[in-house]
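Using this note's numbering, the first residue of the sequence shown is number 226, and each one after it goes up by one. Notes for the one structure printed next.
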Amino acid sequence: MEKQKKVYVKPIITKQKTGFVGKFGKAGLHSVLEKIDGVDIEELVEKFGSPLFVISEKTIRATQRKALRIFKTRYPKVQFAWSYKTNYLNAVCLVFHEEGSWAEVVSEFEYDKAKLLGVPGNKIIYNGPHKSKSSLIKAINDEAFIHIDHFDELFSLIELTEEIKKTAKVAVRVNMDTGIYPKWDRFGLNYENGEAYEAIRRIMLSDKLNLVGLHCHIGTYILSTDAFKIAAYKLTDLYKRVKYEFNHQLDYIDIGGGIPSKNTLYSYYLDASVSIPSLEDYADAITSGIIEHGLKSDELPLLILESGRALIDEAGYLITTVVANKRLSNGKQAIIVDAGVNLLFTSFWYKHKISTTEFYGEVRDESVIYGNLCMNIDVLRDGVFLPPVPVGKQIIFHNVGAYNMTQWMQFINLRPNVVMIMEDGSVEVIRKAETLNTINELERIPEKLLKK
Ligand SMILES: *Cc1c(COP(=O)(O)O)cnc(C)c1O
C-alpha cells in the first residue's frame, strides 16, 4: 500500500513575550508585600511620602555576614572592601564598615567621604582611572592602598613620592582574558602581553613605591564562575612570580567585584534565583583558583573582595504609588506610577521583582509599568502580570539597593526621601527629599538679568 503523503503545514513563528505563561510556570507574577522588616508600607508612605527608597539594615548585615562566612570557610584570610559607588549613602557605608569591611573608592569625592566617615587610610583601597594629584597626595600620606591603573599614573606616582619624600603603598590593577567578552581591558595593565609584569618591574625599581598587592575587576554581573577562577589563578601566578623573582612577598590579591545580585536580566527567561550560580559557587571558584597553586599556608595572600551589587541589591526597595491606569491601543494594561527611570536606572536591564500591598484578585493581565517622566523611554517594568492596581495604592520594586541611589539624577522631579529600617524596627531618614531650594541653592542669576 502506498504511504499517505503528509499534508504541508506552513510554519508559524510566534514572538515569546517575557513574563508570559510558559513551561516553567507563570513567570513575571507579582507577590503581595504589606510590610518591610515588620514596618507597614502604607504607613511608610504616609509618613515619608511617595516615591520612597527603603533600605533594610537587617538585610545588609545578614547578606554581608553570609558572604564573609562563605568565603572564610573556604579560605583562611578574607577581607571585604565596600564599593562606594554601588551605594555611598553614609548610613549604608557605616553599616558595612561596622561589619568589618574596608572602603573601596574610585574618586577623590569618594575618598573624602570614606575619610569623613572615619575610615583610616590603611583600610581604604583607591581604584579608578583618574586619581587627582591632590587625592594621590592624601592617599600617600594616609598610607591608603593605591591601585595603579596605567603607566602615566605610575610615572606621576614616582614623581609625587620623590616630591613629598614619602613612600606610597601600591598595587597593580591587572586586566586579563578570563573568557568574558568584550574584555574589560580599558582598566589596568594587561596580563597576557606582559604589561602588568613590566609595571611590577618598574615599581620594584623605585625605592619610594612599595608594592603590596595585585588587583583585578573583570566586569560586572559575571555569570561565569570559571571567569573568576581564571582571574584568581592568573593573579596568584603573578603573586608567585613576584615572590620568587624579586624575593618580595605581597600582602594581598584583590579579586574586585562583579558577582551578580538576585535580579533577573531582561535577556533571561528564568528567574535569577534559579538561573545564576550561588555565592558558594563563586567562592569555590575564586578560592580554588588560588589554592591550586599549592602555596604553603604562611605564603598565602590575603584575599580581598570588592563585591558591590551582590551585597546591597536585596536590601533596597522603591515604593511607588499608582497615579493612573490605562489601556494601550493594543489592549495592554498600562500603569503609571509616581517615580521614573531617573530614580531607577537599573530598570533598563533588570526585570525587577514587583509587589503590591494588597491582593487584588486572581485576574491578572500582562502589564507595563510606566514612570512619571514625560519621556517615551520611561518604562520601569514590562511584561509583568498584574491585576488592576487602584489609583493611590502602592507598587513596590525589589532589589534596587545597588547603583540606583548613586546613579539617580534630578530630572523633571526632585529626588525623594531614603529611609533605613533599623534592626530595632525604627525608621530613620538617611537622605532627605530634595526641595526646590536644594536645586536653586547652587544656581546664580546674573545681575544683568535681575535688573529687568
Ligand atoms: C564597581 C566596582 C566594584 C563593584 O562591582 P559590582 O559589580 O557591583 O560587584 C568593585 N571594584 C571596582 C574596581 C569597581 O569599579
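Ideal Cβ placement from N, Cα and C applies to all residues, glycine included. The structure presented is a predicted model; accordingly, all values stated were derived computationally and were not measured.
- Out of 486, 461, 557, the CA that lies nearest to the CA of residue 521 is found in 461.
- In chain order, 296, 299, 300, 457, 528 place their CB closer than 8 Å to the CB of residue 512, counting only its own chain and leaving out the 5 sequence neighbours on each side.
- DSSP places residue 536 in the helix class (H, G or I) of the three-state scheme.
- In the structure shown, residue 439 adopts extended strand secondary structure according to DSSP, grouped into three states.
- Judged by pairs of C-beta atoms under 8 Å, the stretch 655 to 663 does not touch the stretch 348 to 356, as fewer than three such pairs exist.
- With a cutoff of 8 Å on beta-carbon distance, residue 579 and residue 606 are scored as near each other.
- Sorted by position in the chain, 308, 311, 352, 442, 445, 481, 482, 483, 531, 532, 533, 534 make up the residues whose C-beta lies under 5 Å from a heavy atom of ligand 1.
- A contact between stretches requires three or more CB pairs, one per stretch, nearer than 8 Å, and the stretch 632 to 645 meets this requirement with the stretch 559 to 578.
- Note: residue 489 is bridge-paired with 576 in the DSSP secondary-structure output.
- Under DSSP, residue 541 forms a beta bridge with 280.
- The beta carbon of residue 546 lies closer than 8 Å to those of 270, 275, 276, 562, 563, 617, 618, 619, 620 in the same chain, with the five residues before and after it left out.
- In the three-state reduction of the DSSP assignment, residue 592 falls in the strand class.
- When rounded, the separation of the alpha-carbon atoms in residue 425 and residue 416 is 11 Å.
- In the three-state DSSP reduction, residue 604 falls in the strand class (E or B).
- The continuous beta strand (DSSP E) containing residue 304 extends over residues 303 to 308.
- Around the Cβ of residue 400, a 10 Å sphere holds 16 or more other Cβ atoms; the residue is buried.
- Contact annotation, residue 261 with residue 542: C-beta distance approximately 6 Å; criterion of less than 8 Å satisfied.
- For residue 420, the CB contacts under 6 Å within the same chain, skipping 5 residues up- and downstream, are 414 in chain order.
- Runs of alpha helix (DSSP H) with 4 or more residues, each lying fully within the stretch 411 to 473, are found at 420 to 430, 450 to 471, listed in chain order.
- Between the C-alpha atoms of residue 361 and residue 471 there is a straight-line separation of about 26 Å.
- Residue 494 and residue 604 have their C-alpha atoms some 19 Å from each other.
- The straight-line gap separating the alpha-carbon atoms of residue 331 and residue 594 is approximately 34 Å.
- Counting only residues of its own chain and dropping the five nearest sequence neighbours on each side, residue 644 has a CB closer than 8 Å to the CB of 269, 273, 277, 278, 279, 280, 652, 653, 654, 655.
- Rounded to the nearest angstrom, the gap between the Cα atoms of residue 314 and residue 469 is 43 Å.
- Non-local beta-carbon contacts of residue 437 in its own chain, meaning distances under 8 Å to residues more than five positions away in sequence, involve 370, 394, 395, 396, 475, 476, 477 in chain order.
- The beta carbons of residue 311 and residue 627 sit about 5 Å from each other, so the pair counts as a contact at 8 Å.
- Boundaries of the beta strand (DSSP E) harbouring residue 653: 652 to 656, taken from the DSSP string.
- The beta-carbon separation of residue 446 and residue 485, rounded to 5 Å, stays under the 8 Å limit for a contact.
- Closest by C-alpha distance to residue 306, out of 316, 294, 289, is 289.
- In its chain, beyond the 5 residues on either side, 273, 274, 277, 278, 654, 656, 657, 658 have a beta carbon closer than 8 Å to the beta carbon of residue 642.
- Residue burial is scored here from C-beta neighbours: residue 366 has fewer than 16 other C-beta atoms within 10 angstroms and is therefore classed as exposed.
- Under the three-state reduction of DSSP, residue 322 is assigned to helix.
- For residue 560 against residue 611, the beta-carbon gap comes to about 7 Å, under 8 Å, which counts as contact.
- Residue burial is scored here from C-beta neighbours: residue 409 has at least 16 other C-beta atoms within 10 angstroms and is therefore classed as buried.
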